[in-house]
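To keep things clear, I will list the structure first and then write my remarks on it.
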Amino acid sequence: MAKRRQARFTTQDLEGLPELDDESPTLWDESRGEVPRKLLTSAVRCFASNGFHATTTRDISSGVGLSPGALYVHFPSKEDVLFEIIRTAHRRVLSYVSEPAVLTVEDPVRHLRALVARYTEWHARHHVAARVSQYELAGLSAAHYEEIVEVRHETNVVFRAAVERGVTTGVFADIDVKRVSRAILSLGIDLIRWYRLDGSDSPGQLGEFTAQLALKMVMTPDIDLEAAGVGAQSTSAE
1 MAKRRQARFT TQDLEGLPEL DDESPTLWDE SRGEVPRKLL TSAVRCFASN
51 GFHATTTRDI SSGVGLSPGA LYVHFPSKED VLFEIIRTAH RRVLSYVSEP
101 AVLTVEDPVR HLRALVARYT EWHARHHVAA RVSQYELAGL SAAHYEEIVE
151 VRHETNVVFR AAVERGVTTG VFADIDVKRV SRAILSLGID LIRWYRLDGS
201 DSPGQLGEFT AQLALKMVMT PDIDLEAAGV GAQSTSAE
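Going by UniProt numbering, the letters in the sequence shown line up with residues 1 to 238, in that order.
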């Protein structure tokens, strides 16, 4: 039996869908101007719903009420639009988890907790752009893909360093730093498949829950997290 094709969404279909409601429109650099920013937001919605290859430049332009050729006034190609989305998302989340408020925390437990909470909360608040950034990498050119790989590597280094510090100081269990760091990163990203801002958990609540799970992955069994003073705290993704 032939595999049933998924229906393709039009820009009209995407209007008002709660699963596409997030803070992705705030990601774009103000220096780009209003029209390019609107095109990027429209592209995020289209790519997240139909995928990069099934989305046309007409889809993106019509999503903001412009003619099909309007996109080329601001971007060389559809692939450049995808690259700008993915690059912006990766750089923004790396910047957010690399702020002094996180990196200067000396206690390994509180440091990792803050790191994971922020990483998760950022992906929850920008889950639509994050979905595109994680699932549409294959649409990038080789050169653009390599640039994104470098940013992803920088993010991995931040998390590995946090886990490594806890292991080295004896606060964390003797674990495989590389594998555990990868698992923690996956926890913070996986929510983009299903998360909605109108769901039962706020981004901050989900961030704290994931942070607690991450700590349980690295701590020795005899450590009481509540007694250690690392219970839920609030964060704020930007």
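The beta-carbon is built from N, C-alpha and C at its ideal position, and this holds for glycine as well.
Host alpha helix (DSSP H) of residue i (start-end)
i      : result
Leu140 : Premise fails: Leu140 is in no alpha helix (DSSP H) and is neither H nor E.
Leu112 : 108-125
Neighbour-count burial assignment, residue i, 16 or more Cβ in a 10 Å radius
i      : result
Arg125 : buried
Tyr72  : exposed
Pro68  : exposed
Thr235 : Because Thr235 carries a pLDDT of 47, less than 50, the predicted location of this residue cannot be relied on, and the following value inherits that uncertainty. So Thr235 counts as buried.
His127 : buried
Arg4   : Its pLDDT being 40, under 50, Arg4 is placed unreliably in this model, and the value from its coordinates should be taken loosely. Per the 10 Å Cβ criterion, exposed.
Ala101 : exposed
Ser141 : exposed
Asp29  : exposed
Val163 : buried
Glu208 : buried
His53  : exposed
Asp174 : exposed
Ser42  : buried
Arg113 : buried
Ser77  : exposed
Arg193 : exposed
Thr104 : exposed
Glu121 : buried
Ser133 : buried
Glu154 : exposed
Gly33  : exposed
Ser95  : exposed
Ser186 : exposed
Ala143 : exposed
Ala227 : Because the pLDDT of Ala227 is 47, which lies under 50, any placement of that residue in the model is unreliable, and the number read from its coordinates should be weighed accordingly. Exposed, because fewer than 16 other Cβ atoms sit within 10 Å of the Cβ of Ala227.
Thr26  : exposed
Closer than 6 angstroms: residue i CB and nearest the ligand ADP heavy atom
i      : result
Lys178 : As for the ligand ADP, it is missing from this structure, which has no ligand bound.
Residue i at chain B interface by Cβ criterion, 7 angstroms
i      : result
Phe209 : Of the protein chains in this structure there is only one, and it is not chain B.
What alpha helix (DSSP H) runs, 4 residues minimum, are completely inside the stretch 45-100? Counting only runs of 4 or more, we get 57-62, 71-74, 78-97.
Taking the runs of the alpha helix (DSSP H) that are 4 residues or longer, which of them lie wholly in the stretch 178-225? Runs of the alpha helix (DSSP H) spanning 4 or more residues and lying entirely within the stretch 178-225 occur at 203-218, in chain order.
Should the stretch 210-222 be called in touch with the stretch 109-116, which here means at least 3 C-beta pairs below 8 angstroms? A contact exists between the stretch 210-222 and the stretch 109-116.
Any contact between the stretch 192-201 and the stretch 171-180? By contact I mean 3 or more CB pairs, one from each, below 8 angstroms. Judged by pairs of C-beta atoms under 8 angstroms, the stretch 192-201 does not touch the stretch 171-180, as fewer than three such pairs exist.
Would you say the stretch 57-73 touches the stretch 85-97, given that touching needs at least three Cβ pairs under 8 angstroms? With fewer than three CB-CB distances shorter than 8 angstroms, the stretch 57-73 does not count as touching the stretch 85-97.
Decide yes or no for the touch test of the stretch 203-210 against the stretch 162-177: beta carbon pairs closer than 8 angstroms, at least 3 of them. At 8 angstroms Cβ cutoff, the stretches do not touch.
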